[in-house]
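Taking UniProt numbering, I'd label the letters of the sequence shown as residues 1 to 249.
Backbone N, C-alpha and C fix where the C-beta goes; we use that ideal spot for every residue, glycine too.
From a predicted model like this one, the values you see are computed outputs, not experimental measurements.
Since the structure comes first, as structure tokens, the remarks are kept for the end.
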Amino acid sequence: VSISTTNSTENGERTVVATFVSVFQGGANGLIPLMQERFPELGLVREDYIEMTWIESILLLTGLTNQTSEVLLDRSYKNFFLSPSFKGKSDYMRKPMPEIVIQGLWSRLLEDEARISTLNIIAYGGKMDEIPETETPFPHRNGTLYKISYYVGWQEDDNSNPHRYISWIRKVYKYMGPFVSKYPREAYLNYRDLDIGRNNNEGKASYKQASVWGRKYFKENFDRLTYVKAKIDPENFFRHEQSIPPRFH
Numbered sequence: 001v002s003i004s005t006t007n008s009t010e011n012g013e014r015t016v017v018a019t020f021v022s023v024f025q026g027g028a029n030g031l032i033p034l035m036q037e038r039f040p041e042l043g044l045v046r047e048d049y050i051e052m053t054w055i056e057s058i059l060l061l062t063g064l065t066n067q068t069s070e071v072l073l074d075r076s077y078k079n080f081f082l083s084p085s086f087k088g089k090s091d092y093m094r095k096p097m098p099e100i101v102i103q104g105l106w107s108r109l110l111e112d113e114a115r116i117s118t119l120n121i122i123a124y125g126g127k128m129d130e131i132p133e134t135e136t137p138f139p140h141r142n143g144t145l146y147k148i149s150y151y152v153g154w155q156e157d158d159n160s161n162p163h164r165y166i167s168w169i170r171k172v173y174k175y176m177g178p179f180v181s182k183y184p185r186e187a188y189l190n191y192r193d194l195d196i197g198r199n200n201n202e203g204k205a206s207y208k209q210a211s212v213w214g215r216k217y218f219k220e221n222f223d224r225l226t227y228v229k230a231k232i233d234p235e236n237f238f239r240h241e242q243s244i245p246p247r248f249h
């Protein structure tokens with residue numbers, strides 16, 4: 001579910017809109033009976049379905065419906081949700097979100113700093129629950145209901161004062177603290193949130209220092225990863241702000 005804001009068609013004021021997005025890896029003929037069973041109220045017929053290739057679905061999911069796949073090779077391309085500057089954060093939910101919390105998020109999305117913002121709720125479960133947390137470095141499995149990604153962007157003419165947008169997303173993150181996973185408060189590695197911790201200059205850090213953010217990304221797998229790092233890269237040549245340090249004992 002992608003949650004953002006848009007101008008209301010009734011009075012022109014900003015309002016919250018939720019877009020439900022999913023991917024069906026098969027043909028329309030396989031999806032039609034499933035939709036008739038699960039969502040009969042939609043009344044979908046064959047003409048409502050559009051089959052496309054996987055790469056075409058990527059363009060659709062990223063809002064590039066009027067572009068060809070070549071645009072994915074253009075690193076300079078910008079659209080509304082690919083702002084010149086942005087910040088992202090993440091959380092994992094292990095309990096249903098109370099309705100009052102949802103209302104609080106809605107009000108924050110309508111603030112001025114959130115004009116280019118999105119909350120994405122990505123459902124987990126299913127096959128994810130069947131794989132043990134220690135099977136791979138990725139630990140967010142059994143018991144995880146969904147992941148939340150928070151995103152806020154701003155245009156080039158606001159680069160002189162980005163702190164108002166960064167402050168907004170940090171306040172949203174703080175607001176969600178009591179309702180998300182705890183000990184540790186889990187996070188998704190690919191969003192690289194430096195707010196939760198970072199290594200020293202040149203990417204060097206002690207095991208204790210890196211554990212602050214490492215356990216949020218990897219939970220108990222972080223210890224094993226430090227030993228793997230020691231075997232593969234004992235000199236810590238490959239490093240960045242949140243790289244895993246080697247551990248030898």
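Ranked by Cα distance from E241, the options K229, N201, N66, V228 are led by N201. Taking 7 Å as the cut-off, the beta carbon of Y150 is found closer than this to the beta carbon of V172. Sequence-distant Cβ neighbours of R224 in its own chain, meaning closer than 6 Å and more than five residues away, do not exist here.
The beta carbon of V21 sits closer than 7 Å to those of S2, L61, all from its chain and outside the five residues before and after it, given in chain order. In the three-state reduction of the DSSP assignment, L59 falls in the helix class.
Between I122 and K147, the CB-CB gap stays under 7 Å. Annotated as distal: I55 and S76, with beta-carbon spacing of 7 Å or more.
For S211, the secondary structure class from DSSP, reduced to helix, strand or coil, is helix. Under DSSP, V17 shares a beta bridge with S4.
For D91, no alpha helix (DSSP H) run applies; the uninterrupted beta strand (DSSP E) run containing it begins and ends at 85-93, by DSSP. Between G63 and I116, the gap from beta carbon to beta carbon reaches 7 Å or more. Residues of the same chain with a CB within less than 6 Å of the CB of M128, apart from the 5 flanking positions on each side, are R141 in chain order.
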